[in-house]
Amino acid sequence: MPAGQIGAAIAAAGWTVMTGGYGGLMAVTSRAAAEAGGRVIGLPMRAWTALTPNQWNHELRWSDSYPERLAHLLTADAIVAVDGGIGTLSEAAIAWSVLQTEPVAADLIFLGAGWPPVLRAFADHLVIDDRDLAQVNVYAEPEEVIAHIAATEPRQPRVAGPRG
């Protein structure tokens, strides 16, 4: 599963993993990173009382609002979107929008087989062109993602994590 593979690979590279902090793909990523000896930051919301952060988070950065949570996300050096749901799509769209305007925005990396047809559909049906598509990176394998992140100029500490 790409979420677990990328979590373990990010941890093995010595970088910190940041996820939403809850279950599903976030827990898969967090567990794999923690089991690989990595540090995991979760981004839970105080108002989401029906949800419990997963046990593999080493640090929780609680937020009172979705914009505050997104601000935490946007501090990452790289944002890796795995094949996820609406939350993944919305956070990737915000990160992509920031890439258009902020000179030090996080790299946005799409990982998995689901993204190429989605991105192509965006370009075919929305006002998204090749310049927009050139701002993001799409990879099929976690190893490609790690190589890409390693090749970019890091800000310290290195934080990356899949959304999904």
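Take the position in the sequence shown, starting the count at 1, then add 17; the result is the number in my numbering.
Note that beta-carbon positions come from the ideal geometry of N, C-alpha and C, so glycine has one too.
If you're wondering where the values come from, they're calculated on a predicted model, not measured in any experiment.
Could you tell me the distance, in whole angstroms, from the CA atom of residue i to the CA atom of residue j?
{"i": "Thr33", "j": "Gly24", "result": "9 Å"}
{"i": "Ala168", "j": "Gln72", "result": "31 Å"}
{"i": "Ala20", "j": "Asn74", "result": "15 Å"}
{"i": "Arg63", "j": "Gly104", "result": "17 Å"}
{"i": "Arg148", "j": "Trp113", "result": "12 Å"}
{"i": "Trp132", "j": "Glu76", "result": "30 Å"}
{"i": "Ile126", "j": "Glu161", "result": "10 Å"}
{"i": "Ile145", "j": "Ala138", "result": "10 Å"}
{"i": "His182", "j": "Asp81", "result": "This structure leaves residue 182 out entirely; the chain is present only between 18 and 181."}
{"i": "Val155", "j": "Thr118", "result": "20 Å"}
{"i": "His142", "j": "Gly38", "result": "33 Å"}
{"i": "Leu106", "j": "Pro134", "result": "13 Å"}
{"i": "Thr69", "j": "Pro120", "result": "35 Å"}
{"i": "Glu85", "j": "Trp65", "result": "14 Å"}
Kindly list the residues whose CB is nearer than 7 Å to the CB of residue i, restricted to its own chain and excluding five residues on each side of it in sequence; keep chain order.
{"i": "Pro174", "result": "In this predicted model, Pro174 has a pLDDT of only 46, less than 50, meaning its place in the structure is not dependable enough to derive any value."}
{"i": "Leu150", "result": "Leu136 and Ala140"}
{"i": "Gly40", "result": "Asn71"}
{"i": "Met18", "result": "Val45"}
{"i": "Trp79", "result": "Pro61 and Arg63"}
Identify, in the order they occur along the chain, each residue of the same chain with its Cβ nearer than 6 Å to the Cβ of residue i, setting aside the five sequence neighbours on each side.
{"i": "Ala17", "result": "This structure gives no information on residue 17, because the portion of the chain shown stretches from 18 to 181."}
{"i": "Gln22", "result": "Pro159"}
{"i": "Ala122", "result": "Val115 and Leu116"}
{"i": "Ala49", "result": "Gly21, Gly24 and Ala25"}
{"i": "Gly55", "result": "Ala28 and Val34"}
Since residue i sits in a beta bridge, which residues does DSSP pair it with?
{"i": "Met62", "result": "Ser80"}
{"i": "Ala25", "result": "Partner(s): none; Ala25 has no beta bridge."}
{"i": "Thr36", "result": "Gly59"}
Cutting at 8 Å between CB atoms, please list the residues of its own chain near residue i, excluding the five before and the five after it.
{"i": "Glu108", "result": "Leu87, Leu90, Ile96, Ala98 and Arg180"}
{"i": "Val153", "result": "Trp113, Leu116, Leu125, Ile126, Phe127 and Leu136"}
{"i": "Tyr83", "result": "Met62"}
{"i": "Ser47", "result": "Gly24, Val34, Thr36, Gly38, Val57, Gly59, Asn71, Trp73 and Asn74"}
My assumption, with CB atoms under 8 Å, is that residue i sits in contact with residue j. Please give the rounded CB distance.
{"i": "Val45", "j": "Ala51", "result": "Going by Cβ atoms, the distance from Val45 to Ala51 rounds to 11 Å, so no, they are not a contact pair."}
{"i": "Ala28", "j": "Ala67", "result": "Not quite, the Cβ-Cβ distance comes to about 29 Å (not below 8 Å), so this is no contact."}
{"i": "Ala130", "j": "Ala110", "result": "About 20 Å; that fails the 8 Å criterion."}
(request) Entirely within the stretch 100-157 and at least 4 residues each: give me those alpha helix (DSSP H) ranges in chain order. (result) With a minimum length of 4 residues, the continuous alpha helix (DSSP H) runs that stay inside the stretch 100-157 are 103-118, 132-142 and 147-150.
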